[in-house]
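Asker: Dumping the structure here so I can ask a few things about it.
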Amino acid sequence: MAASRPPLFSPAAGPRLLAAGLRGWTALVLLFLYLPVLVLVVYSFNAARLGVGWEGFSGRWYAELLRQTPLQRAALNSLVIATATTLLSVVLGTLGAWLLHRHRFPGRDLLESLINLPMVMPEILLGISLLVLFALAGVELGFTTVIIGHVTFSFPFVLVAVRARLQGLDPALEEAARDLGATPWGAFRLVILPALRPALLAGGLMAFLLSWDELIVTYFTASAAAATLPLKVFGLAKVGLNPVLNALSALFLLVTLAGVAFSAYLRRAPR
Amino acid sequence: MTPFPVAREPGARPGAFAWLLLAPLLVWLALFVVVPALLLLGCSFGERDEFGQVLWGFSLENYARLLDPVYLRIFLRSLGFAALTTVLCLLIGYPVAYHLARAAPRVRELLLLLVLVPFWTSFLVRTYAWMAILREEGLLNALVAWLQPAWAPLGLLYTPAAVVTGLVYSYLPFLILPVYASVEKLDGALIEAAHDLGAGPWRVFPAVILPLTLPGIAAGVTLVFVPAVAMFAVTDLLGGARVPLIGNVIQNQFLQARDWPFGAALGVALLGLFLVSQMLLRALRPRGALRG
Chain X
1 MAASRPPLFS
11 PAAGPRLLAA
21 GLRGWTALVL
31 LFLYLPVLVL
41 VVYSFNAARL
51 GVGWEGFSGR
61 WYAELLRQTP
71 LQRAALNSLV
81 IATATTLLSV
91 VLGTLGAWLL
101 HRHRFPGRDL
111 LESLINLPMV
121 MPEILLGISL
131 LVLFALAGVE
141 LGFTTVIIGH
151 VTFSFPFVLV
161 AVRARLQGLD
171 PALEEAARDL
181 GATPWGAFRL
191 VILPALRPAL
201 LAGGLMAFLL
211 SWDELIVTYF
221 TASAAAATLP
231 LKVFGLAKVG
241 LNPVLNALSA
251 LFLLVTLAGV
261 AFSAYLRRAP
271 R
Chain L
272 MTPFPVAREP
282 GARPGAFAWL
292 LLAPLLVWLA
302 LFVVVPALLL
312 LGCSFGERDE
322 FGQVLWGFSL
332 ENYARLLDPV
342 YLRIFLRSLG
352 FAALTTVLCL
362 LIGYPVAYHL
372 ARAAPRVREL
382 LLLLVLVPFW
392 TSFLVRTYAW
402 MAILREEGLL
412 NALVAWLQPA
422 WAPLGLLYTP
432 AAVVTGLVYS
442 YLPFLILPVY
452 ASVEKLDGAL
462 IEAAHDLGAG
472 PWRVFPAVIL
482 PLTLPGIAAG
492 VTLVFVPAVA
502 MFAVTDLLGG
512 ARVPLIGNVI
522 QNQFLQARDW
532 PFGAALGVAL
542 LGLFLVSQML
552 LRALRPRGAL
562 RG
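Line order of the protein sequences matches chains X and L.
When the count follows the working numbering, it moves up by one through the first sequence with no breaks and lands on 271 for the last residue.
When the count follows the working numbering, it moves up by one through the second sequence with no breaks and lands on 563 for the last residue.
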């Protein structure tokens, strides 16, 4: 499909100049996107505390990280919360996608807008409204409240991914399975579910990364004991620069790179 | 034979079993989206007692306070910062998205991956990186001191410029990706046709390319503008307390000042703003034949 794409501005040299300009601009913007974080990674290996000068290569800030039990505790909290969020989001999102794909009923459009709302509205609104709910209901803030907040904005992303996949599926597949004697559940399990696998993995990964990186909703719904890594990092960064944070940021980047590589692999994998 | 739990032909009304499967989703949305939103609205009409507890009632006092010039200015500033961020993202990001979408498949895949990594990178990490660059003993000031010693050190951190830089840096990929998607869908034959009819590149862009990629622009603008209006973390870190935006004030009312009713009123105003902007965007979006 791409090969047949006609050149955009074919005649004369002006267009070629334009194309070169576009290429150069893209390179510049990518540099802008990458340079600051790369600087951070490089400085995470600097022996100096905070200076600009390079005082030698050192892993001391990473070693320091190993001694920071509150940060480790927060990382563990984040992991627990992101995992729970992923599981719940995948279940809710898949159910919703399946039923919205299959059925028309009164209020369906309203339901869809409601599902989209937490995805697009400012996170701070979700945070404060949940805080008011929990306070009024007498629910103590902790892991549960954070997970509730995270699932509320994560599952719509899973739903969208799964639904797009469902729309691309041939309905004859399921009917064939049914005609061959599969029970409805059997057809779902043996035909639909395997076909949904890439979407489930992609949606699940998205839910995990969204939860892992979330700050705003967590800010309003977490207790000190359930503080996540972003919450701790935010607290530390507000006080000022801290070389341990450089090391932590580098590790964060590593997690992100792994996630993106995994999703790229998913997209390439045969469906 | 067991009754078929979900209807076989798409578009059918759900049976009892389907409703049962739908129930968790409905309950979740009702409990954690609808009810909290209504409570927030209710809370905004309340008052607070001297201990910071919410006294439920019906008073419009919190909304009257919103009209205080102090808060109006903060609202306007938030809108201004978000608008500036959005325009900058559009100017910087559109050409990149365009180039990405028209690149050869191999290159495109690589470039797309290069945009996705910052998209998924924690915005805290990215904001923190700018703190390290902009602070007084930071890299940029070191550069300034080397080039133009008389100027150094420039106070770069905790300025409006730092906040906007951080916002643009955070949200740029959110604009590039949807615009990329709509340029990718663009039919090259239409551009070719415009060329054949004698239009040069400077005619083709406003006459053909821009209108056809409007849906992507609208999506990107929403993805940048909406979170940018309400952001408080980036402004906290790069603006210090000097440039409070609406998000900072709301956050402060809920967690430090403990005036929840006023915070709720600010939240409701923000929600209203959000809904209006969504409706405006929907009205602007081209319909019918022009869409993907």
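Backbone N, C-alpha and C fix where the C-beta goes; we use that ideal spot for every residue, glycine too.
The model shown is predicted, which means the values in this text are computed figures rather than measured ones.
Quick check on DSSP: helix, strand or coil for residue 241 of chain X?
Answerer: Stepping through the first sequence from its first residue, residue 241 of chain X is reached at position 241. Coil at residue 241 of chain X, not helix or strand.
Asker: Please classify residue 267 of chain X: is it buried, with 16 or more other beta-carbons within 10 angstroms of its beta-carbon, or exposed?
Answerer: Within the first sequence, numbered from 1, the residue matching residue 267 of chain X stands at position 267. So residue 267 of chain X counts as exposed.
Asker: Would you tell me roughly how many angstroms separate the C-alpha atoms of residue 312 of chain X and residue 440 of chain L, rounded to the nearest one?
Answerer: Lying outside 1 to 271, the shown extent of chain X, residue 312 of chain X is not represented and no answer is given.
Asker: Note down, in chain order, every chain X residue with its Cβ under 8 Å from the Cβ of residue 488 of chain L.
Answerer: Position 217 of the second sequence, counted from the first residue, corresponds to residue 488 of chain L. Near residue 488 of chain L there are no residues of chain X at all, since even the closest Cβ is about 16 Å away, more than 8 Å.
Asker: Leaving out the 5 sequence neighbours to the left and right, which residues in its chain are closer than 7 Å to residue 81 of chain X when beta-carbon positions are compared?
Answerer: Position 81 of the first sequence, counted from the start, is the residue given in the question as residue 81 of chain X. Taken in chain order, the residues that qualify are 143, 146, 147, 150, 211, 228.
Asker: With 16 as the cutoff for other CB atoms within 10 Å, does residue 173 of chain X come out buried or exposed?
Answerer: On the first sequence, position 173 is the one that residue 173 of chain X refers to. The residue in question, residue 173 of chain X, is exposed, as its Cβ has fewer than 16 Cβ neighbours within 10 Å.
Asker: Does residue 213 of chain X get closer than 7 Å to chain L when you measure Cβ to Cβ?
Answerer: Your numbering for residue 213 of chain X matches position 213 in the first sequence. Yes - at least one Cβ of chain L is within 7 Å of the one on residue 213 of chain X.
Asker: Rounded to a whole number of angstroms, what is the C-alpha to C-alpha distance between residue 114 of chain X and residue 96 of chain X?
Answerer: Within the first sequence, residue 114 of chain X is the residue found at index 114, counting from 1. Within the first sequence, residue 96 of chain X is the residue found at index 96, counting from 1. For residue 114 of chain X and residue 96 of chain X, the distance between alpha carbons rounds to 12 Å.
Asker: Would you say residue 435 of chain L and residue 425 of chain L are within 7 Å of each other, going by their C-beta atoms?
Answerer: By one-based count along the second sequence, residue 435 of chain L stands at place 164. By one-based count along the second sequence, residue 425 of chain L stands at place 154. Going by C-beta atoms, residue 435 of chain L is not nearer than 7 Å to residue 425 of chain L.
Asker: Report buried or exposed for residue 482 of chain L, applying the criterion of at least 16 other Cβ atoms within 10 angstroms of its Cβ.
Answerer: Here the question's residue 482 of chain L lines up with position 211 in the second sequence. Exposed.
Asker: Please tell me whether residue 314 of chain L has its Cβ less than 7 Å away from any Cβ of chain X.
Answerer: Walking along the second sequence from the start, residue 314 of chain L turns up at place 43. Yes, contact with chain X.
Asker: Closer than 8 Å is the cut-off here; do at least three beta carbon pairs connect the segment 289-300 of chain L with the segment 99-111 of chain X?
Answerer: Counting Cβ pairs under 8 Å, three or more are found: they touch.
Asker: Listing by chain order, which chain B residues have their CB less than 9 Å from the CB of residue 190 of chain X?
Answerer: Checking the listed chains, one finds no chain B in this structure; the protein chains it contains are X and L.
Asker: So the alpha helix (DSSP H) residue 203 of chain X belongs to, where does it begin and stop?
Answerer: Residue 203 of chain X sits at position 203 when you count from the first residue of the first sequence. Segment 193-213, the alpha helix (DSSP H) holding residue 203 of chain X.
Asker: Since residue 495 of chain L and residue 360 of chain L should fall inside the 8 Å C-beta cutoff, what is the C-beta to C-beta distance between them, to a whole number of angstroms?
Answerer: For this step, residue 495 of chain L is matched to residue 224 along the second sequence. For this step, residue 360 of chain L is matched to residue 89 along the second sequence. Contact holds; Cβ gap of about 5 Å.
Asker: State the Cα-Cα distance for the pair residue 369 of chain L and residue 133 of chain X, rounded to the nearest angstrom.
Answerer: Within the second sequence, numbered from 1, the residue matching residue 369 of chain L stands at position 98. Within the first sequence, numbered from 1, the residue matching residue 133 of chain X stands at position 133. Their backbone Cα atoms lie some 44 Å apart in a straight line.
Asker: Residues of the segment 239-270 of chain X with a CB closer than 7 Å to any CB of chain L: list them in chain order, please.
Answerer: Hits within the stretch, in order: 241, 245, 249, 252, 253, 256, 257, 259, 260, 264.
Asker: I need the DSSP call for residue 325 of chain L, collapsed to helix, strand or coil.
Answerer: If you number the second sequence from 1, residue 325 of chain L lands on position 54. Strand, per DSSP.
Asker: Let me see if you follow: with CB-CB separation under 7 Å, is residue 548 of chain L close to chain X or not?
Answerer: As a first step, residue 548 of chain L must be located in the second sequence, where it is residue number 277. False, the Cβ-Cβ gap to chain X never drops below 7 Å.
Asker: What are the uninterrupted segments assigned as alpha helix (DSSP H) that are 4 or more residues long and contained completely in the segment 41-114 of chain X, given in chain order?
Answerer: You should have 60-67, 69-102.
Asker: Note down the Cα distance separating residue 422 of chain L from residue 43 of chain X, rounded to an integer number of angstroms.
Answerer: Sequence index remark: in the second sequence, residue 422 of chain L carries index 151 (1-based). Sequence index remark: in the first sequence, residue 43 of chain X carries index 43 (1-based). The straight-line gap from Cα to Cα measures roughly 25 Å.
Asker: Kindly indicate if chain X contains any beta-carbon less than 7 Å away from that of residue 393 of chain L.
Answerer: Here residue 393 of chain L corresponds to residue number 122 of the second sequence, with the count starting at 1. Yes, its Cβ sits closer than 7 Å to a Cβ of chain X.
Asker: Just reading off the alpha helix (DSSP H) that residue 480 of chain L is part of, what are its end residues?
Answerer: Counted from its first residue, the second sequence places residue 480 of chain L at position 209. Unbroken run through residue 480 of chain L: none, as it is neither H nor E.
Asker: Which ranges would you report for the alpha helix (DSSP H) in the segment 447-477 of chain L if only whole runs of at least 4 residues count?
Answerer: The qualifying runs are 459-467, 472-475.
Asker: Compute the distance between the beta-carbons of residue 396 of chain L and residue 249 of chain X, then report whether it is under 7 Å.
Answerer: In the second sequence, the residue the question calls residue 396 of chain L occupies position 125. In the first sequence, the residue the question calls residue 249 of chain X occupies position 249. Closer than 7 Å, so yes.
Asker: For residue 437 of chain L, decide whether its Cβ has a neighbour in chain X, counting only Cβ atoms nearer than 7 Å.
Answerer: In the second sequence, residue 437 of chain L corresponds to position 166, counting from 1. No - not a single Cβ of chain X is within 7 Å of the one on residue 437 of chain L.
Asker: In the DSSP output, which residue or residues are listed as bridge partners for residue 318 of chain L?
Answerer: Here residue 318 of chain L is taken as the residue at index 47 of the second sequence, counted from 1. In the DSSP output, where bridge partners are listed per residue, residue 318 of chain L has L:326.
Asker: What number of angstroms, rounded off, separates the C-alpha of residue 508 of chain L from the C-alpha of residue 458 of chain L?
Answerer: Here the question's residue 508 of chain L lines up with position 237 in the second sequence. Here the question's residue 458 of chain L lines up with position 187 in the second sequence. Answer to the nearest angstrom: the Cα atoms are 43 Å apart.
Asker: How many angstroms separate the CA atom of residue 319 of chain L from the CA atom of residue 531 of chain L?
Answerer: Taking the first residue of the second sequence as position 1, residue 319 of chain L is located at position 48. Taking the first residue of the second sequence as position 1, residue 531 of chain L is located at position 260. When rounded, the distance between both Cα atoms is 7 Å.
Asker: On a CA-only basis, which of X:193, X:39, X:171 is nearest residue 411 of chain L? Give me that one, please.
Answerer: Translated into positions along the second sequence, residue 411 of chain L becomes position 140. Here the closest residue by C-alpha is X:39.
Asker: Can you name the start and end residues of the alpha helix (DSSP H) that residue 398 of chain L belongs to?
Answerer: As a first step, residue 398 of chain L must be located in the second sequence, where it is residue number 127. Element bounds for residue 398 of chain L: 394-405.
Asker: By the three-class DSSP mapping on this structure, what secondary structure does residue 189 of chain X have?
Answerer: The residue labelled residue 189 of chain X in the question sits at position 189 within the first sequence. Residue 189 of chain X falls in the helix class under three-state DSSP.
Asker: What would DSSP say about residue 278 of chain L, mapped onto helix, strand or coil?
Answerer: Here the question's residue 278 of chain L lines up with position 7 in the second sequence. No answer about residue 278 of chain L holds up, because its pLDDT of 43 lies below 50 and its placement is not dependable.
Asker: Buried or exposed for residue 550 of chain L, please, with buried defined as at least 16 other CB atoms from any protein chain shown within 10 angstroms of its CB.
Answerer: One-based indexing of the second sequence puts residue 550 of chain L at position 279. Answer is exposed; the Cβ neighbour count stays below 16.
Asker: Which residues of chain X have a Cβ atom closer than 7 Å to the Cβ of residue 303 of chain L, listed in chain order?
Answerer: In the second sequence, the residue the question calls residue 303 of chain L occupies position 32. Simply 130, 148, 152.
Asker: In angstroms, rounded to a whole number, what distance separates the CA positions of residue 308 of chain L and residue 129 of chain X?
Answerer: Taking the first residue of the second sequence as position 1, residue 308 of chain L is located at position 37. Taking the first residue of the first sequence as position 1, residue 129 of chain X is located at position 129. The straight-line gap from Cα to Cα measures roughly 6 Å.
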